[in-house]
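K.L.:
What follows is a structure written as structure tokens; I'll ask about it next.
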Amino acid sequence: MKKLLFVAFLSLCNLAFSQSKGTVSGTVTDKEMNGEPLPFASVYIKGTSIGGTTDIDGKYSISVPAGSRILVFSFVGYETVEKTIIVKSDQTIVVNQELGPNEGVALDNVTINATVSKEKESALLLKQKKATVIKESIGALELAKRGVSDAATATTKISGVTQSEGTGNIYIRGLGDRYLSTTMNGLPVPSDDIANKNIDLGLFSTNVISNVEISKTYNTSNYTDQASGNVNVITKEFSKNGFSLSLSGGANTNALDVDNFRRTVISDDVTFGFHKKKYALLNQLTLQGWDTKEASTPINYSFSFSGAKKFELFGKKWKVLASASHNKSNEYRSGLFRSFRANVLNTSFSENEGDVENFMARTNTSGYIRVAVKLNDNNKLKYNTLFVNTGLDNLYEQGRNGRGYVFDQDPQENGAFVRDQNFKQTTMFVNQLMGEHKWNENNTLNWATGYNFVLAEEPNRIRNEVNILDIDNSSLIEFASVGDYQQRKTSQKIEDKEYNAFVENKWALGFANEDEVKPYKLNYGLNFRKKERSFRSLFKGFRARGVRAPSIDELSLILQLGESAGLILREQLPDAYKGEFLALGAYTNFDFKFDNKLSGNIGLRFERDEIDVVWNVGNYISPDGVNRFGSANKVYSSLFPSVNLKYELNENSFIRFASSVTQTLPEFKELAPFGYVSPSGRVVLGNENLEKSDVYNLDLKWELFPSRSELISATAFHKQIKNPINLVMTRGSSGYFSYFNTGEKADVYGVELEGKMNIVNNEDDKSILSATGNITKMWFNQDLLPNFQYKDKVKSNLQGASDLILNASLSYNNRKENEFIATLTGNYSSDKIFALGVPEDFAERATIYNDEIIEKGFITLDLVLSKKLTKNLVVKLVGRNLLDPKIEQNQLVRNLNTGVETNETVSLYKKGRNVSFSLSYKF
4 MKKLLFVAFL SLCNLAFSQS KGTVSGTVTD KEMNGEPLPF ASVYIKGTSI GGTTDIDGKY
64 SISVPAGSRI LVFSFVGYET VEKTIIVKSD QTIVVNQELG PNEGVALDNV TINATVSKEK
124 ESALLLKQKK ATVIKESIGA LELAKRGVSD AATATTKISG VTQSEGTGNI YIRGLGDRYL
184 STTMNGLPVP SDDIANKNID LGLFSTNVIS NVEISKTYNT SNYTDQASGN VNVITKEFSK
244 NGFSLSLSGG ANTNALDVDN FRRTVISDDV TFGFHKKKYA LLNQLTLQGW DTKEASTPIN
304 YSFSFSGAKK FELFGKKWKV LASASHNKSN EYRSGLFRSF RANVLNTSFS ENEGDVENFM
364 ARTNTSGYIR VAVKLNDNNK LKYNTLFVNT GLDNLYEQGR NGRGYVFDQD PQENGAFVRD
424 QNFKQTTMFV NQLMGEHKWN ENNTLNWATG YNFVLAEEPN RIRNEVNILD IDNSSLIEFA
484 SVGDYQQRKT SQKIEDKEYN AFVENKWALG FANEDEVKPY KLNYGLNFRK KERSFRSLFK
544 GFRARGVRAP SIDELSLILQ LGESAGLILR EQLPDAYKGE FLALGAYTNF DFKFDNKLSG
604 NIGLRFERDE IDVVWNVGNY ISPDGVNRFG SANKVYSSLF PSVNLKYELN ENSFIRFASS
664 VTQTLPEFKE LAPFGYVSPS GRVVLGNENL EKSDVYNLDL KWELFPSRSE LISATAFHKQ
724 IKNPINLVMT RGSSGYFSYF NTGEKADVYG VELEGKMNIV NNEDDKSILS ATGNITKMWF
784 NQDLLPNFQY KDKVKSNLQG ASDLILNASL SYNNRKENEF IATLTGNYSS DKIFALGVPE
844 DFAERATIYN DEIIEKGFIT LDLVLSKKLT KNLVVKLVGR NLLDPKIEQN QLVRNLNTGV
904 ETNETVSLYK KGRNVSFSLS YKF
């Protein structure tokens, strides 16, 4: 009876409270972080279970029984604050609070939690939940869990994103390098490679990354040269005073298995990835050798350290974060390579799967500094500088077994052997200065300016083409002599300078709600970007017709003798081009929120883009018959609208709609008619007649956030590309690849499904076992202009586009003091077109053609095991590419006698498994 009365009493109390409640809301800020919002702080009513935590913007809202209450604010390491409040029924009161460290508690013990939380998946999901645009992110903590070492790999963990093994380019929703843009902290960064529009994201190591964002829809504050989306690398901020050190070692299984791991002769002039040139290119022909060198045991290693300090100077609070890293990795690939011209075998190095060998050694040195100063409560400045130096020693050989074949080669077609030695050094500086100024509570001005510099050099590339005359009886070789430069040394230099800036003013409008937030915001601003490129390539070599050497490993015995050995010196004028790109933009957009349900952003942008390229290239003849010299000027001006809408079905479920018009512009390397030769012999050159593509984008997305760390979403999207650009194999005996506007339009339809779920939770409701997965399915339809139609093919898929992409991970966390984490990650992308086909003869296009080259789909699997041994010491074991799949390219080839098509492998190799062990210590 007593129990019954007690239950009845509790029920009456609950009923009474439920009939007389008010709302308490507000914002919690961080005193030690210049008044920035403090996410995940606890806010609760003392003596009750009523409460919650602040969101990513430091905001909270709780329903509280009417009456006098004590509101408590707390955060780990911070002073707990209690406030007495009077709550009235059906009314809202706003209580804002700033938290700071407890007295006597060092700063390095109190600020880490807020800052690190911004790198957690839960914080990024909350940011995604609140955002108007469709944006996805992956944070530094999740990257560490998955064993990711750079930004390029990080992007492939996001739905609809893949990386091409053939080129290394990132593809978002099937659209590659030319269709996306890359920024760092919202400012553009230049490309480090003549072959690409975007910078190699592998240059951004995870020790400088806070998180990586991918925006798949467009907002008018950004440049319009994007179709698939924007990749924005957010660099690390100050977290606490302290110092950390990390060391790791490992190996590539292929590199360990090979009996004799070799390196280029150029590497003698390299120290820690920095090349020092000893001789001019002409002198290198005879003063430097041509033969390869034996390398030491190919062990991978890396070390990094970082430190942060907060101090006062000139009466202002300064925060400085600095980090540096250096790593070296080795890789060995073996496989085969073949090429066909008009369905006839042109080159073949495929007697077995080891006929092509590739020895690679990569070094990467980086340094990062971030400085932030709070001038006063309304004015803040930030400065970032990033230095990266990357060196790649690349030794490529095909035909060492004496079974290679090259059509119409002199002195013979059989026994062909090719060696390509190259060292590429890329040095990059990125400098950014940013400011925020709050004129008043309704008006904020943000600005940023950047200066970037990239120097990419191949100071001494060495290439030899020879014939092993009779491999069964002798190692004797004769130098091939179809062209003048089959025994050559070349140098190449690219220098990019870029200046960029933006200024944006934000006005908050309308009547403030109970959280003191106004429902409207008018944003307007200007963008400026100027990029300058200088490119120069120089060839020196020997014509060696009829000249022989003892073996392919003793070429220096003859070539270093020069003309005294009967060699004929060949020189030519340098190939060069200069490019300048200027983009000017003005925009306005309007943020709105109606009835706490419908919110969005609508905007309009005007942008003028001008591309100027002038060149002096040996293989070029202008339409007027002028040799070497030419130019291209492209000017585009237009208006670009965008609409982003978000409807709240309930507090955890949303529907989003986005529509916009963007464009993709030709790049310098796509316009300048310089032909770059890959180690395998594939040549890619530009096309001065290339024009831009206009892109129309449409997205519809549903999202459900079951909890702070969980997400279920489904997206349907459509893109129509007017005047699409593709890489195509050209007609003629050269076998070049080039860029063309191949059709009037291309349509991309797709759906994305994504889930992040907690499978097993502990007694504290924290996830022990969790899983993430996403599926992207796409359909492509691209019409082909008559010049690109062959057989009965009048339509095609887009170059580089996989129609099915799968990403998944399974993670275990024991949630103990000495934490143990195990994460298994898998990725799959289906077949994609490496290059479109083309007819060789219009009259005989049914039989004489080069079919498209297909890069086959494959699965990758990674495993990461991490264990915290002490409070400050963590050990990690990482296995990457555990399945070691074949990376394969195929091409349909028609037998000219029987008319039967067969699927021929034209490229194949394996990357090998990578295993590493690391130690990390925080002081």
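FYI, the working numbering numbers position 41 of the sequence shown as 44, with every residue one higher than the one before it. Every residue gets a Cβ at the ideal spot worked out from N, C-alpha and C, and that includes glycine. Please read all numbers here as calculations on a predicted model, not as lab measurements.
1. To which residues of the same chain is S833 closer than 8 angstroms at the C-beta, ignoring the five residues directly before and after it?
2. Which residue wins for smallest C-alpha separation from K819, given the options S770, T826 and Q287?
3. According to the Cβ coordinates, are I824 and N830 closer than 8 angstroms?
4. Looking at C-alpha atoms only, which residue of N455, E610 and V75 is the closest neighbour of L668?
5. Please report the Cβ distance between T779 and G758, rounded to the nearest whole angstrom; I am assuming they are in contact, meaning their Cβ atoms lie under 8 angstroms.
6. I'd like the ranges of any alpha helix (DSSP H) spanning at least 4 consecutive residues and lying wholly in the stretch 252-289.
7. Look at the Cβ atom of G689, then the Cβ atom of P676, and state whether they are nearer than 8 angstroms.
8. Keeping to the same chain, check which residues put their C-beta closer than 6 angstroms to that of Q563; ignore five residues upstream and five downstream.
9. Would you identify the three-state DSSP class for N397, choosing helix, strand or coil?
10. Leaving out the 5 sequence neighbours to the left and right, which residues in its chain are closer than 6 angstroms to Q428 when beta-carbon positions are compared?
11. Spatial neighbours of K320 within its chain, please: C-beta separation below 6 angstroms, excluding the five flanking residues on both sides.
12. For A552 and R573, I'd like the C-alpha separation in whole angstroms.
13. Alpha carbon to alpha carbon, what distance is there between V646 and D702?
14. Given a cut-off of 8 angstroms, decide if E85 and K62 are closer than it, judged by their beta-carbon atoms.
15. Do the CB positions of K312 and A375 come within less than 8 angstroms of each other?
16. Does DSSP classify D615 as helix, strand or coil?
17. Out of curiosity, what's the CA-to-CA distance linking V27 and L868?
18. Using DSSP with H/G/I as helix, E/B as strand and the rest coil, what is L880?
19. Spell out the partners DSSP gives W705 in its beta bridges.
20. With DSSP collapsed to three states, give me the class of D594.
21. Hey, quick one: how far does the beta strand (DSSP E) through I555 stretch, first residue to last?
22. Residues in the same chain with beta-carbon distance under 8 angstroms from E315, minus the five sequence neighbours each way, listed in chain order, please.
23. Would you mind reading off the limits of the alpha helix (DSSP H) that contains E673?
24. Going straight from the alpha carbon of F791 to that of N784, what length do you get?
25. How big is the Cα-Cα spacing for I88 and K34?
26. Pick out whichever of Q415, R403 and S309 has its Cα sitting closest to the Cα of S242.
27. Does the structure place the stretch 506-526 close enough to the stretch 487-496 that three or more beta carbon pairs sit under 8 angstroms?
28. For N333, which option in S923, S919 and F926 has the closest C-alpha, if you only look at C-alpha atoms?
29. Please classify D612 as buried or exposed, where buried requires at least 16 other C-beta atoms within 10 Å of its C-beta.
30. Tell me the residue span of the beta strand (DSSP E) that contains V686.
31. In angstroms, rounded to a whole number, what distance separates the CA positions of D260 and D887?
32. Please go through the same chain and pick out, in chain order, the residues whose beta-carbon is closer than 6 angstroms to the beta-carbon of F720, but skip the five residues on each side of it.
33. Quick check on Y182: does DSSP put it in helix, strand or coil?
34. Select from S602, I212, S224 and N233 the residue whose C-alpha is nearest the C-alpha of K239.
35. Which partner residues of S812 appear in the DSSP bridge assignment?
36. When the Cα of R176 is compared with those of E216, Y221, A230 and M187, which residue comes out closest?
P.N.:
Quick answer:
1. To locate residue 833, count along the sequence shown from 1; it is residue 830. Closer than 8 angstroms at Cβ, skipping near neighbours: S805, D806, L807, I808 and G860.
2. Here the question's residue 819 lines up with position 816 in the sequence shown. That would be S770, whose Cα lies nearest to the Cα of K819.
3. As a position in the sequence shown, residue 824 is number 821, starting the count at 1. As a position in the sequence shown, residue 830 is number 827, starting the count at 1. Against a cut-off of 8 angstroms, the Cβ pair of N830 and I824 comes out as no contact.
4. Walking along the sequence shown from the start, residue 668 turns up at place 665. When only C-alpha atoms are compared, the closest one is E610.
5. What you label residue 779 is simply residue 776 of the sequence shown in a count that begins at 1. What you label residue 758 is simply residue 755 of the sequence shown in a count that begins at 1. Actually they do not touch by this definition, with Cβ atoms about 13 angstroms apart.
6. 256-260
7. Within the sequence shown, residue 689 is the residue found at index 686, counting from 1. Within the sequence shown, residue 676 is the residue found at index 673, counting from 1. Yes; because the gap between Cβ atoms is below 8 angstroms, this pair is in contact.
8. Here the question's residue 563 lines up with position 560 in the sequence shown. T289, listed in sequence order.
9. Translated into positions along the sequence shown, residue 397 becomes position 394. Three-state DSSP puts N397 in a strand.
10. Taking the first residue of the sequence shown as 1, we reach residue 428 at position 425. Closer than 6 angstroms at the Cβ level, and outside the excluded window around Q428, lie H278, G394 and E460.
11. For the purposes of this step, residue 320 is taken as the residue at position 317 of the sequence shown. K377.
12. Within the sequence shown, numbered from 1, the residue matching residue 552 stands at position 549. Within the sequence shown, numbered from 1, the residue matching residue 573 stands at position 570. Cα-Cα distance, rounded: 20 angstroms.
13. As a first step, residue 702 must be located in the sequence shown, where it is residue number 699. As a first step, residue 646 must be located in the sequence shown, where it is residue number 643. So the alpha carbons of these two residues sit roughly 10 angstroms apart.
14. Here the question's residue 62 lines up with position 59 in the sequence shown. Here the question's residue 85 lines up with position 82 in the sequence shown. No.
15. If you number the sequence shown from 1, residue 312 lands on position 309. If you number the sequence shown from 1, residue 375 lands on position 372. Going by C-beta atoms, K312 is not nearer than 8 angstroms to A375.
16. Position 612 of the sequence shown, counted from the start, is the residue given in the question as residue 615. D615: strand per DSSP, three-state reduction.
17. Position 24 of the sequence shown, counted from the start, is the residue given in the question as residue 27. Position 865 of the sequence shown, counted from the start, is the residue given in the question as residue 868. Between V27 and L868, the C-alpha separation is close to 44 angstroms.
18. If you number the sequence shown from 1, residue 880 lands on position 877. Three-state DSSP puts L880 in a strand.
19. By one-based count along the sequence shown, residue 705 stands at place 702. I658 and A717, per the DSSP bridge assignment.
20. Residue mapping note: residue 594 aligns to position 591 of the sequence shown, counting from 1. Correct three-state label for D594: strand.
21. Counting from one through the sequence shown, the residue named residue 555 turns up at place 552. No beta strand (DSSP E) contains I555, which DSSP labels as neither H nor E.
22. Mapped onto the sequence shown, residue 315 falls at position 312. These residues qualify, in order along the chain: W321.
23. The residue given as residue 673 occupies position 670 in the sequence shown. Its alpha helix (DSSP H) spans residues F671 to L674.
24. The residue given as residue 791 occupies position 788 in the sequence shown. The residue given as residue 784 occupies position 781 in the sequence shown. F791 and N784: Cα-Cα distance of roughly 15 angstroms.
25. For the purposes of this step, residue 88 is taken as residue 85 along the sequence shown, with counting starting at 1. For the purposes of this step, residue 34 is taken as residue 31 along the sequence shown, with counting starting at 1. Whole-angstrom Cα-Cα distance: 22 angstroms.
26. To locate residue 242, count along the sequence shown from 1; it is residue 239. Closest option to S242, Cα to Cα, is S309.
27. no
28. Residue 333 sits at position 330 when you count from the first residue of the sequence shown. Among S923, S919 and F926, the Cα nearest to that of N333 is on S919.
29. By 1-based counting over the sequence shown, the position of residue 612 is 609. That one is buried.
30. Here residue 686 refers to the residue found at position 683 of the sequence shown. It spans V686 to L688 - the beta strand (DSSP E) in which V686 sits, taken as one unbroken run.
31. By one-based count along the sequence shown, residue 260 stands at place 257. By one-based count along the sequence shown, residue 887 stands at place 884. Approximately 14 angstroms between the Cα atoms of the pair.
32. The count along the sequence shown starts at 1 and reaches residue 720 at position 717. D702 and G753, listed in sequence order.
33. By 1-based counting over the sequence shown, the position of residue 182 is 179. The answer is helix: DSSP assigns Y182 an H, G or I state.
34. Against the sequence shown, residue 239 aligns to sequence position 236. Cα-wise, what sits closest to K239 is I212.
35. In the sequence shown, residue 812 corresponds to position 809, counting from 1. According to DSSP, S812 bridges with T775 and T828.
36. Taking the first residue of the sequence shown as 1, we reach residue 176 at position 173. Of the listed residues, the one whose Cα sits closest to R176 is A230.
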